[in-house]
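*Asks:*
Chains as they are written, first to last, in the numbering used here: chain A, 255 to 688; chain B, 18 to 354.
1. Against residue 23 of chain B, what residues of chain A qualify as contacts under a CB-to-CB distance less than 8 Å, listed in chain order?
2. Take residue 389 of chain A as the anchor and find which of A/666, A/377, A/428 and A/348 has the nearest alpha-carbon.
3. Taking the alpha-carbon positions, what's the residue 146 of chain B to residue 535 of chain A distance?
4. On the three-state DSSP scale, how would you describe residue 640 of chain A?
5. Verify whether the separation of the beta carbon atoms of residue 440 of chain A and residue 45 of chain B is less than 8 Å.
6. Can you tell me whether DSSP reads residue 89 of chain B as helix, strand or coil?
7. Since residue 130 of chain B sits in a beta bridge, which residues does DSSP pair it with?
8. Measuring CB to CB, does residue 305 of chain A end up less than 8 Å from residue 149 of chain B?
9. Can you tell me the Cβ-Cβ gap for residue 286 of chain B and residue 266 of chain B, rounded? I've got them flagged as a contact below 8 Å.
10. Taking residue 351 of chain B as part of the alpha helix (DSSP H), name the residues at either end of that continuous run.
11. Helix or strand or just coil, what does DSSP make of residue 14 of chain B?
12. Taking the beta strand (DSSP E) that residue 111 of chain B belongs to, which residues open and close that run?
13. Comparing the C-beta of residue 325 of chain B with each C-beta of chain A, is any distance below 8 Å?
14. Which residue from A/514, A/427, A/580 and A/613 puts its Cα closest to that of residue 495 of chain A?
15. Any Cβ of chain A within less than 8 Å of the Cβ of residue 259 of chain B?
16. Examine chain B for any beta-carbon lying closer than 8 Å to the beta-carbon of residue 447 of chain A, and answer yes or no.
17. Excluding the 5 residues flanking residue 387 of chain A on each side, which residues of the same chain have their C-beta closer than 7 Å to its C-beta?
18. What in chain B is Cβ-close to residue 377 of chain A, meaning under 8 Å?
19. Which class does residue 224 of chain B belong to by DSSP, given the choice of helix, strand or coil?
20. Go ahead and label residue 197 of chain A buried or exposed: buried means 16 or more other beta carbons lie within 10 angstroms of its beta carbon, across all protein chains shown.
21. Evaluate residue 477 of chain A with the Cβ neighbour count: other Cβ atoms within 10 Å of its Cβ, from every protein chain shown; 16 or more gives buried, anything less gives exposed.
22. Beta-carbon of residue 107 of chain B versus every beta-carbon of chain A: anything under 8 Å?
23. When the Cα atoms are used, what is the spatial distance from residue 316 of chain B to residue 295 of chain B?
24. Near residue 112 of chain B, which residues of its chain fall below 6 Å by C-beta distance, leaving aside the five closest residues on each side in sequence?
25. Kindly indicate which three-state DSSP category residue 478 of chain A falls into: helix, strand or coil?
26. Could you tell me the boundaries of the beta strand (DSSP E) in which residue 75 of chain B lies?
27. Below 8 Å, can you find three or more Cβ-Cβ pairs linking the stretch 602-618 of chain A to the stretch 554-572 of chain A?
28. Helix, strand or coil, according to DSSP, for residue 540 of chain A in the structure here?
29. Quick one: what's residue 241 of chain B bridged to in DSSP?
30. Would you check if the distance between the CB atom of residue 333 of chain B and the CB atom of residue 312 of chain B is smaller than 8 Å?
31. By how many angstroms is the C-alpha of residue 165 of chain B removed from the C-alpha of residue 518 of chain A?
32. Does the beta-carbon distance from residue 442 of chain A to residue 365 of chain A come in below 8 Å?
33. List the endpoints of the continuous beta strand (DSSP E) containing residue 206 of chain B.
34. For the stretch 358-373 of chain A, enumerate the residues whose C-beta is nearer than 8 Å to any C-beta of chain B, in chain order.
35. Would you mind giving the Cβ-Cβ distance between residue 591 of chain A and residue 542 of chain A, rounded to the nearest angstrom? I have them listed as a contact below 8 Å.
36. Check whether the stretch 75-84 of chain B touches the stretch 51-64 of chain B, taking contact to mean three or more Cβ pairs, one atom from each stretch, closer than 8 Å.
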């Protein structure tokens, strides 16, 4: 059952699930999915060959790259909040998204001419900033366009298209390099072309504010009681119990979510299978993600979004266990990869759906940005902490500690959700309400 | 704009953009084919009389056929015609009949490997590598070799850049990733999260080596001990060491501009007196130096105005020495005396 914003205020559940509204995906979401697909082909094709280009062609080492990447992640988190706020303030989600996608596309043009290490890192930084800017306004537009009772499923459709792009990108890049061994500039040109296509789809097919207002006016012309103007943006609107709880939950689980780079390293140290196929490991995860994004989104809408979000972290726990078990062999490697895909499919779009659901209309982009920033920041701390454990205890023991911590956090998450949600005492499971 | 007009615009943009990308790809494919079939841009040698004598082997970066292949020139005539072998390598190093090659195998799945050749460039064994080739060195007796690669991230693993440096025994087995060795800085063991080790250089004995250890913005020249599995810091801000043939000096690259865009110059450390000489010059040098003899260093520099082409330079080890272009269109030099 979907607990809408007005339901929460009214303090009662409106209707029993399953919802009677048939699922119909909005063309806006399909368009945004295609935008993300092209943009991901664009960014992932470059990301896949950039290390080769920097070391093999430019003859530079990449020592400073990791440090810079950390800084860029920080900048990205800050601009994410700022962009969400700006988008909400002026109701300019599309304009801010265009700015974000545009910056990343501009970075591709620059890449064609950049040869020094400084220039390359500036290009990557610009791309990251663009990504930080566009994500929250785009997810707010998805929330707005989706049917509320099918929100997570709608996000699933978007994330599926997005992941299709992230899978095609590296493959496309390596095919180009296979045909043209020094064809890095061809990869960059193809990447630029995909970036421009994404931007064109966004600019031409996704309705902006004026168009949306006109459509809305037409739609409610006969129900004159409703006002066309929206409530003004206010931070305090975001400071509601549901949102606080979601941020707390996401933060707790984020703090025990180590980067999957670590999981790949553990798998790689265990099995020669993983070492040989290391560059391809993430494709396995992506495939599981894109296949499961829609079904798990659908499940989240029916069974409860918080439930699926928490269960997704259960899949992550299973992936940790696959990595930590002494048994070796391809089955465990593949199992861990698929479970990681399940984790992403059950959490990424669902988190945006939850944050969108708990944010009032005028501050959706800010609410989504806040949730995504909490997750990014807590996962960053988790990776730093896990890195320390890695060297103190060795990789196997560190992995065991991470698994135990995740299991404990899962228990805490279930208790938190059960205790705090309204309706928990009414007999129904609290988790059903969301 | 009506929906129809929008779709028409989108179709037009798609055709123009994809058309331009395809035309560019076809053009560069043609350019590549032309270059690969054209004669090499440098003079080639067919004289095999010096192939077992003192020589420099390197990666040939001259445009045309043989690009990326291992090549060699006689030590006394480095600028003369070169012999190009069939081996294709990103980095190459050889000593005592052990010839090591780090290679990128482009494909739908791009993989990396170290390949060990014998002195006749016959493939002996290959070893999978977890990332992009960066450095390779062989011990003077040919019994050990060290590889450094960049293990790079992917879509979901932010900030995951790291190096993996492994010392392997030619006869079989290895000493594992040097990151797992105990790192002693100023006598005390430290275990920072982000530590990395790279750029090994071997000594004459079977146990001691030098390398770079790093954490945060700091780098250290470390002396490694294979039996004790320790890395002991000797000096801060010194990367990619290279021990001179007589074992008395270490050349390394020193970062003169800390921060996001480093600027490296070579420096030489006298081990007995602990005195450092900086070889200042206007271009940043990002390579592990190689000793031509006990008083001259070799290093690779990207060729200005050309992408994917480098030159090997030489420079004396006294302060103020002026670098000279030694081998054009070459990279990753290795001196066989």
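The beta carbon of each residue, even a glycine, is placed where N, CA and C say it ideally should be. Values in this document were obtained by computation on a predicted structure and should not be read as measured data.
*Replies:* In short:
1. 458 and 459
2. A/348
3. 15 Å
4. helix
5. yes
6. strand
7. B/120 and B/145
8. yes
9. 7 Å
10. First-last for residue 351 of chain B: 347-353, but that is the beta strand (DSSP E), not the alpha helix (DSSP H).
11. Residue 14 of chain B falls outside the range modelled here, since chain B spans only 18 to 354, and no answer is possible.
12. 108-112
13. yes
14. A/613
15. no
16. yes
17. 333, 337, 350, 353, 354 and 357
18. The contacting residues do not exist; residue 377 of chain A stays about 13 Å from chain B at best.
19. coil
20. Because chain A here runs from 255 to 688, residue 197 of chain A falls outside it and cannot be looked at.
21. Low confidence applies to residue 477 of chain A: its pLDDT is 46, below 50, so where it sits in the model is not reliable, and the reading given next is rough at best. Under this definition residue 477 of chain A is an exposed residue.
22. yes
23. 15 Å
24. 155, 157 and 159
25. Legend: pLDDT at residue 478 of chain A = 43, less than 50; position of this residue unreliable, no value from coordinates given.
26. 72-77
27. yes
28. helix
29. B/226 and B/248
30. yes
31. 19 Å
32. yes
33. 205-207
34. 369, 370, 371 and 372
35. 7 Å
36. yes
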